[in-house]
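Residue numbers (the working numbering): 313 to 689.
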Ligand SMILES: Nc1nc2c(ncn2[C@@H]2O[C@H](COP(=O)(O)OP(=O)(O)OP(=O)(O)O)[C@@H](O)[C@H]2O)c(=O)[nH]1
Ligand SMILES: [Mg+2]
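Written out as structure tokens, the structure is:
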């Protein structure tokens, strides 16, 4: 019998790719020692690569976890600072409201009057208070609420609604922009410019500070300190120099360095309206000529501790400048944090930042939701 000897199937697993193919086809094949070694080396390299990829993935996952944790902590840190900063307001305003809710046995005229008194005392403003209470009355009727305690959340919601009538936008942070920071003496303009510069720099923006308060030498020194702290460039001039000429120099520097945001600190001496108008006009002319079409912001800084006075200052500035936002400082120093509500609802200009202390992290973007949460939590 001329039978073909069947190929013996090797008892081991294929040691090379060629051997695997041969085994599949039932052909005898014996790889050389070099081929076996090369295949083993290749497999070892593949295993090593897979292990490396797994390790990298694990590292990425851990990094992501860490980043998320840090972001959550940062957020919590900011919220805690906001909450701490609003301590005085919470102690008087919020405690006062709580006392009315807890101490009233029914929802009657006395109840509304007591609420009104506390809102007005907290500087929420007459108009905003009226609107808030009108809407509260409507809701109480509509929802047939009988228990004063059940009104608390409704009141909180109404306060928030009243504040969010004009949502702030922060597009200037993303565009090439020139920001003028104005306001009366001592409200916190220079400090706010410094804090904003540090924040913008931190988020990767190229920032230039213009020391356009040439009224006293100390003003430039103070802003220079902030510039050093924030690690940003500052353009300044001699005491008594024309503020518009400092702005001119700062605009040239911004163009030369490709700056994203130019922040101009201005003098806070009590201007009379005519002087202020003239000065702002001159600065505006320089900006329009040197950087036509650049995004512009005019922020008025108001000191929250001055209560209703801050409101009238804002009105004055609004009559001479095209205000795009309000920065309310020293919220940590007042029990009348309700002023934010009055400003938003009575002026219709968005509060963009609030200052709740003297550190960089104490300048926060204003957000009605977290504000109310921090206040009532
Ligand atoms: N507690 C607290 N203090 C603040 C805040 N913002 C500013 N200040 C303080 O207020 C004081 C005045 O701040 P400045 O930044 O010098 O005010 P300014 O408007 O530039 O003042 P002039 O240039 O003199 O008009 C400083 O002692 C600041 O530290 C804040 O949010 N909270
Ligand atoms: Mg200043």
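Think of the CB as a built atom: it goes at the ideal place given N, C-alpha and C, for glycine as much as any other residue.
For residue 463, no alpha helix (DSSP H) segment is defined, and its DSSP state is neither H nor E. Within the DSSP secondary-structure output, residue 677 pairs in a beta bridge with 665. Looking at the backbone, the Cα of residue 569 and that of residue 544 are separated by about 12 Å.
Between ligand 2 and residue 502, a heavy atom-to-CB distance of less than 7 Å is present.
In the structure shown, residue 527 adopts coil according to DSSP, grouped into three states. Sixteen is the threshold: when 16 or more other Cβ atoms of the shown chains lie within 10 Å of the Cβ of residue 409, as they do, the residue is buried.
Under the three-pair Cβ rule at 8 Å, the stretch 633-649 does not count as touching the stretch 447-462. Nearest in C-alpha terms to residue 657, of all of 627, 642 and 383, is 627. According to the DSSP assignment, residue 493 belongs to the beta strand (DSSP E) that extends over 489-494. Distance from the CA of residue 600 to the CA of residue 586, rounded to the nearest whole angstrom, comes to 21 Å. Here residue 576 is bridged, per DSSP, to 492 and 522. Residue state for residue 640 is assigned as strand, using DSSP reduced to three classes. Counting only residues of its own chain and dropping the five nearest sequence neighbours on each side, residue 389 has no CB closer than 6 Å to any other CB. For residue 668, the Cβ falls inside the 7 Å cut-off from some heavy atom of ligand 1.
When the beta-carbon positions are compared, residue 351 and residue 327 come within less than 8 Å of each other. In this structure, the beta-carbon distance from residue 398 to residue 613 does not fall below 8 Å. About 37 Å separates the Cβ atoms of residue 471 and residue 524, ruling out a contact at the 8 Å cut-off. A distance criterion of 7 Å places the beta-carbon of residue 580 in contact range of ligand 2, judged by its closest non-hydrogen atom. At least one heavy atom of ligand 1 lies closer than 7 Å to the C-beta of residue 642.
Boundaries cannot be given for residue 634, as no beta strand (DSSP E) includes it and DSSP labels it neither H nor E.
DSSP places residue 587 within a helical segment (H, G or I) once states are collapsed to three.
Of all alpha-carbon atoms in 598, 611, 440 and 418, the one lying nearest the alpha-carbon of residue 563 is that of 598.
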